[in-house]
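Read in order, the letters of the sequence shown correspond to residues 1373 to 1606 in this note's numbering.
Beta carbons: idealized from backbone N, C-alpha and C, even for Gly.
Note that the structure is a prediction, hence the values are computed from the model and not measured.
The next block holds one structure in the form of structure tokens; read it before the comments.
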Amino acid sequence: MSDKKNIITIDGPAGSGKSTIAKILARELRFNYIDTGAMYRAITLLAIRNGVDPEDEETIVGLAKKSVIKLDSSSADENSYTSINLNNENVTMDIRSAEVGAAVSIVSKLSGVRKHLVEIQRSLTSNGNAILEGRDTGSVVCPNAILKIYLTASLKERIKRRKLQLKGKGQASDDAAIKREIQNRDRIDSTRKDSPLIIPENGVIIDTSKMAIKEVVEKIKNLYNERTDFKNKA
Ligand code: DC
């Protein structure tokens, strides 16, 4: 157990509650919050802005390697996004556009993009005390994390949450379109060849469909405390 890093990973499908939970936990545990999805979104934005086809791996990897992505989660609370800087420009809201949302699953299939971002993500966690959130953070990025969570929720609940999120942003929503978007992302994210969304080895599955946010946070904190107690006694 002693080689386990003080890192918590949270993976799961869109709408399972990962970001909200990860941000609260990071604040309460004083951990660094690493939103890996935001990094895939930033590379996708880079491709769109440069007019590159989202499947053109070589060009996208070339652009990514010449770029600097910075995450600043210091002010992130559960109602705001991690602040993202791409080549010194704040793109926090740009990476949340529908256009980026539609292309991000395609760009994140590219192995070269994944390799590049996984390296950055690992360097961000080298000091421990981090919470990573994404699709492969427990299976690929930090398989040695002290606690690996797989969050999930029913499709119905995930549609409801996405609707609320859009409403909060003052955007119109259509149930059928949201359902299609979520199912499409689930399919691409879990069937891609490189680092598909899976339950990581020794991962703890938490179905959040009928749980309040607070309950999920407490459950993860208890699991984390049990593991660190065990580690300190070992
Ligand atoms: O968590 P999100 O919705 O912001 O993630 C956007 C996309 O990025 C998601 O559909 C798949 C991809 N992604 C990934 O492939 N691996 C990660 N670790 C995180 C996100």
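Identity of the residue in Glu1427, Leu1443 and Ile1396 nearest Gly1409 by Cα: As a working mapping, residue 1409 is identified with position 37 in the sequence shown. Ranked by Cα distance from Gly1409, the first of Glu1427, Leu1443 and Ile1396 is Leu1443.
Val1490 versus Ile1406: straight-line alpha-carbon distance, rounded: Here residue 1490 is taken as the residue at index 118 of the sequence shown, counted from 1. Here residue 1406 is taken as the residue at index 34 of the sequence shown, counted from 1. C-alpha separation (whole angstroms): 12 Å.
Report back the beta-carbon spacing between Arg1534 and Ile1550 to the nearest angstrom; my notes put them in contact at under 8 Å. Taking the sequence shown and counting its residues from 1, the one referred to as residue 1534 is at position 162. Taking the sequence shown and counting its residues from 1, the one referred to as residue 1550 is at position 178. So it is a contact: roughly 5 Å between Cβ atoms.
Leu1435 by DSSP, collapsed to three states: which one? As a working note, residue 1435 is residue 63 in the sequence shown. Under the three-state reduction of DSSP, Leu1435 is assigned to helix.
Nearest to Leu1482 (by Cα), restricted to the options Ile1432, Gly1575 and Gly1506: As a first step, residue 1482 must be located in the sequence shown, where it is residue number 110. Comparing alpha carbon positions, the residue from Ile1432, Gly1575 and Gly1506 closest to Leu1482 is Ile1432.
Do the CB positions of Ile1492 and Ile1380 come within less than 8 Å of each other? Stepping through the sequence shown from its first residue, residue 1492 is reached at position 120. Stepping through the sequence shown from its first residue, residue 1380 is reached at position 8. No.
Length of the line joining the Cα atoms of Ile1571 and Asp1383: For the purposes of this step, residue 1571 is taken as the residue at position 199 of the sequence shown. For the purposes of this step, residue 1383 is taken as the residue at position 11 of the sequence shown. Whole-angstrom Cα-Cα distance: 8 Å.
Determine the direct distance from the alpha carbon of Asp1428 to that of Met1373, and round the result to whole angstroms. For the purposes of this step, residue 1373 is taken as the residue at position 1 of the sequence shown. For the purposes of this step, residue 1428 is taken as the residue at position 56 of the sequence shown. Confidence is the limiting factor: at Met1373 the pLDDT is only 40, short of 50, which leaves the residue's position unreliable, though a coordinate-based value still follows. Rounded to whole angstroms, Met1373 to Asp1428 spans 42 Å at the Cα level.
Answer yes or no: the CB of Arg1530 versus the heavy atoms of the ligand ZN, is any distance below 7 Å? Absence of the ligand ZN from the depicted structure is noted, with the ligand DC being the only ligands included.
Which value, in whole angstroms, describes the spacing of the CA atoms of Ile1592 and Ala1414? In the sequence shown, residue 1592 corresponds to position 220, counting from 1. In the sequence shown, residue 1414 corresponds to position 42, counting from 1. Cα-Cα distance, rounded: 29 Å.
Taking the CB atoms as reference points, tell me whether Leu1404 and Asn1501 lie closer together than 8 Å. For the purposes of this step, residue 1404 is identified with residue 32 of the sequence shown, where counting begins at 1. For the purposes of this step, residue 1501 is identified with residue 129 of the sequence shown, where counting begins at 1. Looking at the sequence shown, residue 1404 is not Leu but Asn. Yes.
Cα separation between Asp1546 and Lys1377? Sequence index remark: in the sequence shown, residue 1546 carries index 174 (1-based). Sequence index remark: in the sequence shown, residue 1377 carries index 5 (1-based). A direct Cα-Cα distance of roughly 43 Å separates Asp1546 from Lys1377.
Rounded to whole angstroms, how far is the Cβ of Ile1503 from the Cβ of Ala1394, which I believe are closer than 8 Å? Translated into the one-based positions of the sequence shown, residue 1503 becomes position 131. Translated into the one-based positions of the sequence shown, residue 1394 becomes position 22. Taking the Cβ atoms as the reference, Ile1503 lies roughly 5 Å from Ala1394, within the contact range of under 8 Å.
Spatial distance of Ser1567 from Cys1514 (CA atoms): Reading the sequence shown from its first residue, position 195 is the one you call residue 1567. Reading the sequence shown from its first residue, position 142 is the one you call residue 1514. Rounded to whole angstroms, Ser1567 to Cys1514 spans 12 Å at the Cα level.
Thr1464 to Tyr1453 span [Cα, whole Å]: Here residue 1464 refers to the residue found at position 92 when the sequence shown is read from its first residue. Here residue 1453 refers to the residue found at position 81 when the sequence shown is read from its first residue. Distance between the alpha carbons of Thr1464 and Tyr1453 is about 7 Å.
Every unbroken alpha helix (DSSP H) within the region 1505-1548, with a cutoff of 4 residues, ordered by chain: The qualifying runs are 1527-1540.
At which residues does the alpha helix (DSSP H) containing Gly1401 begin and terminate? Position 29 of the sequence shown, counting from 1, holds the residue named residue 1401. Reading the sequence as shown, one finds Leu at residue 1401 and not Gly. Looking at the DSSP string, the run of the alpha helix (DSSP H) that includes Leu1401 is Lys1390 to Leu1401.
Cβ-heavy atom distance, Ser1581 to the ligand DC, below 7 Å: Here residue 1581 refers to the residue found at position 209 of the sequence shown. Incorrect: Ser1581 has no Cβ contact closer than 7 Å to the ligand DC.
Does the ligand DC have even one heavy atom less than 7 Å from the beta-carbon of Tyr1412? Position 40 of the sequence shown, counting from 1, holds the residue named residue 1412. Yes, since a heavy atom of the ligand DC falls inside the 7 Å radius drawn around the Cβ of Tyr1412.
Is the distance from the Cβ of Leu1523 to the Cβ of Thr1580 below 8 Å? What you label residue 1523 is simply residue 151 of the sequence shown in a count that begins at 1. What you label residue 1580 is simply residue 208 of the sequence shown in a count that begins at 1. Taking 8 Å as the Cβ cut-off, Leu1523 and Thr1580 qualify as a contacting pair.
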